[in-house]
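Just so you know, we're using the working numbering here: the sequence shown kicks off at 39 and counts up by one. Note that the Cβ used here is the ideal one computed from N, Cα and C, for glycine as well. These figures come from a predicted structure and were not determined experimentally. What follows is a short report on a single structure.
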Amino acid sequence: MSTLTARDGATALLVVDVQNGVVDGAHDRDGVVTRIAGLVARARHDGVPVVWVQHSEDGELEQGTEAWELVPELVPADGEAHVHKRYGDSFEGTDLDDLLARLGVDRLVVAGAETDACIRSTIHGAFARGYDTVLVSDAHTAGDKTAWGAPSVPDVIAHTNLYWSFQSAPGKSAGTATAGEVALGR
């Protein structure tokens, strides 16, 4: 169980940076987006809050541009929360923690992009702040960075899933589950 107190034990689905300029050309883009869309539909059906995170930065992902927009397959419903960020960790410099506190959330199910940047930063940020944190193992992706010496994207995804499945700390849990298997409630 989470180390957060005074929460209702609720879960939220956190969809990180599934934006045109982020996932264009990403590994298994269509499959990942389809799995995220399925998770969003399940969350809505089950009354689980969906929180949309969008990254912006000067020059590449300027807020309001087509590159900054969420992919067309994912359309937030009225009333779903949006978090705008400028750092990798979705908690840094945002009101995400306050938003989740208002929702009574102490468990996050995380999907999105980029595995080796914003996803890793966000799952670590959530876990360090006391949230039980589940990474959806087949619903995160990244662009190819092998030209800069990084491993292939499938290797990055596999490694992230491997080490997150063994993440542990007193009083909170972490782990992975596929989109088809992940529990959106407790």
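Answer yes if the region 192 to 208 comes into contact with the region 128 to 146, meaning at least three C-beta pairs across the two stretches below 8 angstroms, and no otherwise. Segments in contact, no.
Identify every residue that forms a DSSP beta bridge with T49. In the sequence shown, the residue the question calls residue 49 occupies position 11. Looking at the DSSP assignment, T49 forms a beta bridge with R145.
If you check the beta carbons only, do D55 and E130 fall under 8 angstroms apart? For this step, residue 55 is matched to residue 17 along the sequence shown. For this step, residue 130 is matched to residue 92 along the sequence shown. Cβ distance not < 8 angstroms, so D55 and E130 don't count as in contact.
Should A180 and V172 be called a contact, given that it needs their Cβ atoms to be closer than 8 angstroms? Within the sequence shown, residue 180 is the residue found at index 142, counting from 1. Within the sequence shown, residue 172 is the residue found at index 134, counting from 1. Result no, Cβ atoms of A180 and V172 do not sit closer than 8 angstroms.
If we ignore side chains and look at the alpha-carbon of each, how far apart do V91 and L200 end up? For the purposes of this step, residue 91 is identified with residue 53 of the sequence shown, where counting begins at 1. For the purposes of this step, residue 200 is identified with residue 162 of the sequence shown, where counting begins at 1. Cα to Cα, V91 sits roughly 24 angstroms from L200.
Locate the alpha helix (DSSP H) running through V191, then write down its first and last residues. Working through the sequence shown from its first residue, we reach residue 191 at position 153. Residues 191 to 203.
Enumerate in chain order the residues of its own chain whose CB-to-CB distance from E235 is below 8 angstroms, with the five nearest sequence positions on each side excluded. This structure does not reach residue 235, given that the chain is present from 39 up to 224, and the question cannot be answered.
Assigned exposure category for Q101 - 16 Cβ within 10 Å defines buried: One-based indexing of the sequence shown puts residue 101 at position 63. Exposed, because fewer than 16 other Cβ atoms sit within 10 Å of the Cβ of Q101.
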